[in-house]
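Undergrad: For the sequence shown, the residue numbers in UniProt numbering are 1 to 73. Even for Gly, the Cβ is constructed at its ideal location relative to N, Cα and C.
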Amino acid sequence: QQRGLACSTAGGTHHAFPSYGSGCCLLSHLAAAAKNLMSNSSSKRRILILDLDVHLGDGTAFMFRGAICVYVL
């Protein structure tokens, strides 16, 4: 089983929604990376987006609502 870890210290893009920017965010780079992994990997891959900001990354959470392999905390 292959495992991996990626970290991003460039925060603040977690408010962007799929069709519009929000909260001074134009694009959620973490959501884009996670969607790329999902489309180019096996269905058994699980992804955790651990958002350590003091408030909810509503755009990222919205993009993965209902997704069974992506967890946004």
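1. When DSSP labels each residue in this structure, what does S22 get in the three-state scheme?
2. Can you tell me where the beta strand (DSSP E) with L48 in it begins and where it stops?
3. Looking only at C-alpha atoms, which of S42, A10 and H29 sits nearest to A16?
4. Report the option in C7, G21, V70 and T13 whose CA atom is closest to the CA atom of L56.
5. DSSP puts V54 in a beta bridge; with which residues?
TA: Per the coordinate set shown:
1. strand
2. I47 to I49
3. H29
4. T13
5. Paired residue(s): none; V54 is not in a bridge.
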